[in-house]
Amino acid sequence: MSDMQPSVLVVEDEQAQREVLCYNLADEGFRVIQAKDGNEALLLIEEEAPDLILLDWMLPGTSGIEVCRQIKVKPAFRMTPVIMISARSEEVDKVRGLETGADDYIVKPYSIIELLARVKAQLRRSRPASVGIRLRYEDIVLDAEAHKVFRGQHEMKLGPTEFRLLTTFMERPGRVWSREQLLDRVWGRDIYVDTRTVDVHIGRLRKALGHHGEGDPIRTVRGAGYALG
Ligand code: CA
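Residue numbers for the sequence shown, in the working numbering: 380 to 608.
The structure is reproduced here in structure tokens:
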């Protein structure tokens with residue numbers, strides 16, 4: 380695993396199964412968060428904004444399918460991949476699961492190898508840099524595994540915060556990020572940092588990217604935040 384360790388929320392009421400999942404995900408380098416039921420899952424999603432959710436269908440109280448429905452209607456979490464886990468193998472259930480917005484569906488008993496492969500496949504789409512994919516935007520290439528950034532022929536020297544900022548931008552070119560969203564993503568939710576700090580680091584990132592006189596790829600969106608391109 381490379382920069383910006385992705386977080387996975389495991390929602391499973393059966394303790395033994397939850398432990399196996401958490402153990403294996405942590406072993407693969409993920410930051411693992413766990414919930415025992417649907418209500419706890421909904422709270423943790425709001426608090427932690429995980430990068431991916433592994434969601435058991437049959438849960439006490441709010442069911443997995445209801446949790447999925449609730450998070451997929453929220454703009455902040457619509458893009459978060461959800462993999463539903465179910466003991467029910469009927470095709471109609473799979474269709475129902477995917478209809479509520481789940482991104483993938485896996486049937487118990489599953490192989491942990493296959494489950495990890497599905498997790499990575501989802502993250503490759505939603506958080507490509509986190510699984511070591513080389514990102515490219517116009518003449519900028521970011522290699523998260525080697526922790527290097529190139530622009531044309533030049534290697535750019537970025538500080539760790541600027542590197543994480545650029546990674547965030549390059550994972551979703553064109554998307555406008557508010558300062559608060561960048562703080563959550565780059566600095567983490569547990570740390571209090573003034574939003575003006577974001578501006579300071581954006582300034583440093585721009586300077587580093589334009590070191591050889593290249594154009595500024597970062598757009599300031601008045602009243603909204605920043606975007607790449
Ligand atoms: Ca269950």
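The beta carbon of each residue, even a glycine, is placed where N, CA and C say it ideally should be.
query = Hey, would you say the C-beta of L393 is under 7 Å away from at least one heavy atom of ligand 1?
reply = Position 14 of the sequence shown, counted from the first residue, corresponds to residue 393. The residue asked about is misnamed: residue 393 is Glu in this sequence, not Leu. True, at least one ligand heavy atom lies under 7 Å from that Cβ.
A523 classed as buried or exposed, judged by whether at least 16 other C-beta atoms fall within 10 angstroms = Walking along the sequence shown from the start, residue 523 turns up at place 144. Buried is the call here.
task = Check R497 in the structure and name its three-state DSSP category.
result = Locating residue 497 in the sequence shown gives position 118, where the first residue counts as 1. In the structure shown, R497 sits in a helix (DSSP, three-state: H, G or I).
ask   = In terms of residues, what are the limits of the alpha helix (DSSP H) holding F548?
value = One-based indexing of the sequence shown puts residue 548 at position 169. DSSP places F548 inside the alpha helix (DSSP H), whose first and last residues are 539-550.
query = Going by beta carbon distance, what residues of the same chain come within less than 8 Å of Q560, once the five residues before and after it are set aside?
reply = In the sequence shown, counting from the first residue as 1, residue 560 sits at position 181. Here the set comprises G604.
task = Please classify A466: is it buried, with 16 or more other beta-carbons within 10 angstroms of its beta-carbon, or exposed?
result = Position 87 of the sequence shown, counting from 1, holds the residue named residue 466. Counting other Cβ atoms within 10 Å of its Cβ, A466 stays below 16 and is therefore classed as exposed.
inquiry  = I believe L434 touches I464 by the beta-carbon criterion, under 8 Å. Please report the beta-carbon distance rounded to the nearest angstrom.
reply    = One-based indexing of the sequence shown puts residue 434 at position 55. One-based indexing of the sequence shown puts residue 464 at position 85. Taking 8 Å as the upper bound for CB-CB distance, L434 and I464 are in contact here, some 7 Å apart.
inquiry  = Between the alpha carbons of C401 and I462, how many angstroms are there, rounded?
reply    = Position 22 of the sequence shown, counted from the first residue, corresponds to residue 401. Position 83 of the sequence shown, counted from the first residue, corresponds to residue 462. Between the C-alpha atoms of C401 and I462 there is a straight-line separation of about 15 Å.
Nearest-angstrom beta carbon gap, L431 and V387 [assumed within contact, 8 Å] = Walking along the sequence shown from the start, residue 387 turns up at place 8. Walking along the sequence shown from the start, residue 431 turns up at place 52. So it is a contact: roughly 5 Å between Cβ atoms.
Nearest candidate by alpha-carbon position, reference A500, set V446, E517, T459 = For the purposes of this step, residue 500 is identified with residue 121 of the sequence shown, where counting begins at 1. The shortest C-alpha to C-alpha distance from A500 to any of V446, E517, T459 is the one to T459.
ask   = Where in the segment 384-431 do unbroken runs of the beta strand (DSSP E), each at least 3 residues long, occur, reported from the N-terminal end onward?
value = Taking only runs of at least 3 residues, the beta strand (DSSP E) segments lying wholly in the segment 384-431 are 386-390, 410-414.
ask   = With respect to the beta strand (DSSP E) encompassing R467, which residues constitute its N-terminal and C-terminal limits?
value = Counting from one through the sequence shown, the residue named residue 467 turns up at place 88. Unbroken run through R467: none, as it is neither H nor E.
query = Can you tell me where the alpha helix (DSSP H) with A455 in it begins and where it stops?
reply = Working through the sequence shown from its first residue, we reach residue 455 at position 76. Element bounds for A455: n/a, residue is neither H nor E.
task = Have a look at E517 and P552 and give me their C-alpha separation to the nearest angstrom.
result = Here residue 517 is taken as the residue at index 138 of the sequence shown, counted from 1. Here residue 552 is taken as the residue at index 173 of the sequence shown, counted from 1. Spanning the two alpha carbons is a distance of roughly 10 Å.
query = Can you tell which of V577, V498, T546, P454 has the C-alpha that lies nearest to the C-alpha of R558?
reply = Indexing the sequence shown from 1 puts residue 558 at position 179. Of the listed residues, the one whose Cα sits closest to R558 is V577.
key: Local conformation of A606 per DSSP, three classes   = Counted from its first residue, the sequence shown places residue 606 at position 227. If DSSP states are grouped into helix, strand and coil, A606 belongs with the strands.
message = Quick check on K527: does DSSP put it in helix, strand or coil?
response = To locate residue 527, count along the sequence shown from 1; it is residue 148. Shown here, K527 sits in a strand according to DSSP, grouped into three states.
inquiry  = One question on the structure: do E541 and A587 come within less than 8 Å of each other, judged by their Cβ atoms?
reply    = What you label residue 541 is simply residue 162 of the sequence shown in a count that begins at 1. What you label residue 587 is simply residue 208 of the sequence shown in a count that begins at 1. Result yes, Cβ atoms of E541 and A587 sit closer than 8 Å.
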